[in-house]
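Read through the structure below, which is laid out as structure tokens, and then see the notes.
2 protein chains.
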Amino acid sequence: MNISDAAKECSLPTKTIRYYEEIGLVSPGRLANGYRDYDEDDLHKLRFLQRARGLGFSVEDCRVLLSLYEDRNRASSDVKKIAKSHLVEIERKISELQSLRDTLSELVQSCHGDDRPNCPIINDLAR
Amino acid sequence: MNISDAAKECSLPTKTIRYYEEIGLVSPGRLANGYRDYDEDDLHKLRFLQRARGLGFSVEDCRVLLSLYEDRNRASSDVKKIAKSHLVEIERKISELQSLRDTLSELVQSCHGDDRPNCPIINDLAR
DNA sequence: ATAGAGGTTTCAGCAACTGGAAGGTCAAGC
DNA sequence: GCTTGACCTTCCAGTTGCTGAAACCTCTAT
Chain Z
285 MNISDAAKEC SLPTKTIRYY EEIGLVSPGR LANGYRDYDE DDLHKLRFLQ RARGLGFSVE
345 DCRVLLSLYE DRNRASSDVK KIAKSHLVEI ERKISELQSL RDTLSELVQS CHGDDRPNCP
405 IINDLAR
Chain D
285 MNISDAAKEC SLPTKTIRYY EEIGLVSPGR LANGYRDYDE DDLHKLRFLQ RARGLGFSVE
345 DCRVLLSLYE DRNRASSDVK KIAKSHLVEI ERKISELQSL RDTLSELVQS CHGDDRPNCP
405 IINDLAR
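In the order they appear, the protein sequences are chains Z and D. Every letter in the first sequence is one number past the one before it in our numbering, and letter 127, counting from 1, is 411. Every letter in the second sequence is one number past the one before it in our numbering, and letter 100, counting from 1, is 384.
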């Protein structure tokens with residue numbers, strides 16, 4: 285299967301797929317004309333990457349997850365460890381953003397937003 | 285005031301301060317020896333940037349906010365518009381992360397995390 | 001023969017810094 | 001006067017995860 289069909293199949297841009305190859309995540313075979321040729325195994329990995337990235341795992345996490353995915357004997361605790369620490373990261377980000385939102389939304393609400401120059405938002409930033 | 289004192293004063297790394305100068309956000313004077321020399325005005329701007337970046341405004345937002353900050357006649361609605369759209373962005377990110385967290389936390393919970401190879405997380409990613 | 005829709009590589013750029021190298025400057029201590 | 005160490009300077013490269021564009025090759029259809 286050529287790259288654009290693989291792209292459709294896995295919901296990834298061709299650019300991204302080539303990039304994943306460049307950094308050693310997927311290595312499709314090549315046809316006589318030099319075109320990349322994706323088999324079922326490659327497609328599986330690409331779908332795996334698409335899902336894992338979609339869940340916010342870093343590319344380096346994905347590299348490890350892929351190798352665990354390919355290792356029929358890995359312990360589920362190895363996978364769980366990565367997922368858990370990613371989860372902690374996500375939760376940290378959420379609460380950080382929530383406190384940002386609270387501060388910012390107070391500022392926005394206190395600003396009348398009219399033609400006059402007085403602005404509590406700017407005042408706060410400049411304080 | 286030299287750069288490292290300014291850095292302490294504004295809670296910013298010197299590298300960042302030089303970077304802000306490079307992209308035209310702050311332009312301190314120079315001493316005879318070539319050292320940067322920050323006056324109160326520069327420090328105000330740096331503190332402003334520190335706060336605004338801390339609130340998650342992009343550097344380009346900060347550029348606009350700074351110019352509004354310096355414009356004694358700007359309308360508060362100009363500021364409010366930027367802050368509001370930033371707020372929307374933050375709220376979008378929060379709910380995105382929340383749904384990520386929900387999915388991931390289900391997966392993590394369903395994985396027993398022991399020595400055995402069977403792993404619902406990997407299974408899900410590979411599906 | 002040619003047009004166009006694919007494919008290939010390589011380089012540059014995005015955001016917002018951060019690290020490091022190579023070198024100039026300054027104050028203190030001997 | 002000299003050295004040491006802590007500053008300062010500039011410039012270049014790297015980070016993350018792609019994305020755009022240029023220059024070129026290949027295949028298919030007309």
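Note that CB positions come from ideal geometry on N, CA and C, so glycine has one too.
Item checked: Same chain, Cβ closer than 6 Å to Z:D326, five either side skipped, listed in chain order -> Counting only Cβ-Cβ distances below 6 Å, and skipping sequence neighbours, we find V310, P312.
Checklist line | Same chain, Cβ closer than 7 Å to D:Y319, five either side skipped, listed in chain order | finding: Around D:Y319: N286.
Item checked: Cα-Cα separation, Z:S360 to D:R400 -> In a straight line, the C-alpha of Z:S360 is about 6 Å away from that of D:R400.
Margin query: For a test of the three-state rule: what should DSSP assign to D:G340, helix, strand or coil?
Written below: If DSSP states are grouped into helix, strand and coil, D:G340 belongs with coil.
Item checked: Contacts of Z:K377 in chain D (Cβ-Cβ under 7 Å) -> Simply L381.
Margin query: Let's see if you can read the secondary structure: which residues bound the alpha helix (DSSP H) around Z:I287?
Written below: Per DSSP, the continuous alpha helix (DSSP H) segment holding Z:I287 begins and ends at 287-294.
Next item on the list: Flag this pair as touching only if the region 290-302 of chain D and the region 331-348 of chain D have three or more C-beta atom pairs under 8 Å; answer yes or no.
Entry: They touch, by the three-pair rule.
Notebook entry, point to check: How many Å lie between Z:I301 and Z:L330 at the Cα?
Noted result: Pairing Z:I301 with Z:L330, the inter-Cα distance amounts to about 8 Å.
Check: Of the residues Z:N402, Z:A316, Z:E354, Z:I307, which one's Cα is nearest the Cα of Z:H328?
Finding: Comparing Cα positions, the closest option is Z:E354.
Next item on the list: Could you please give the first and the last residue of the uninterrupted alpha helix (DSSP H) stretch that includes D:I405?
Entry: Taken as a continuous stretch (DSSP letters only), the alpha helix (DSSP H) holding D:I405 covers 404-410.
Next item on the list: Return the residues of the region 348-362 of chain Z that lie within a Cβ-Cβ distance of less than 7 Å from chain D, sorted by chain order.
Entry: When C-beta distances to chain D are compared with 7 Å, the residues of the region 348-362 of chain Z below that value are L349, L352, Y353, R356, N357, R358, A359, S360, S361, in chain order.
Check: How long is the line joining the alpha carbons of Z:E306 and Z:N407, rounded to whole angstroms?
Finding: In this model, Z:E306 and Z:N407 are separated by some 49 Å (Cα to Cα).
Note to self: Given this structure, state the Cα-to-Cα distance separating Z:H370 from Z:L339, to the nearest angstrom.
What the structure shows: So the alpha carbons of these two residues sit roughly 10 Å apart.
Item checked: Z:L350, buried or exposed, once every other Cβ within 10 Å from all chains shown has been counted against 16 -> The C-beta of Z:L350 has 16 or more other C-beta atoms within 10 Å across all chains shown, which makes the residue buried.
Next item on the list: Count the other C-beta atoms from every protein chain shown that fall within 10 angstroms of the C-beta of D:D386, then say buried if there are 16 or more, exposed otherwise.
Entry: So D:D386 counts as exposed.
Item checked: Short Cβ contact (7 Å threshold) for Z:V372 with D:I405 -> Against a cut-off of 7 Å, the Cβ pair of D:I405 and Z:V372 comes out as no contact.
Notebook entry, point to check: Given that a residue counts as buried once 16 or more other Cβ atoms are within 10 Å of its Cβ, and exposed if not, what is Z:V343?
Noted result: Exposed: under 16 other Cβ atoms inside 10 Å.
Next item on the list: Can you tell me the Cβ-Cβ gap for D:Q393 and Z:I378, rounded? I've got them flagged as a contact below 8 Å.
Entry: About 18 Å separates the CB atoms of D:Q393 and Z:I378; that is not less than 8 Å, and the two are not in contact.
Checklist line | Exposed unless 16 or more other CB atoms sit within 10 angstroms - verdict on Z:L315 | finding: By the 16-neighbour rule on beta-carbons within 10 angstroms, Z:L315 is exposed.
Next item on the list: Within the region 291-321 of chain D, note down every full alpha helix (DSSP H) run reaching 4 residues or more, in order along the chain.
Entry: Counting only runs of 4+ residues, the alpha helix (DSSP H) found wholly inside the region 291-321 of chain D occupies 298-306, in chain order.
Checklist line | Nearest to D:G308 (by Cα), restricted to the options D:R411, D:G397, D:R347 | finding: Ranking D:R411, D:G397, D:R347 by Cα distance to D:G308 puts D:R347 first.
Next item on the list: Name, please, each residue of chain Z whose Cβ falls closer than 9 Å to the Cβ of D:I406.
Entry: What D:I406 touches in chain Z: F332, L349, L352, Y353, R358, S360, V363.
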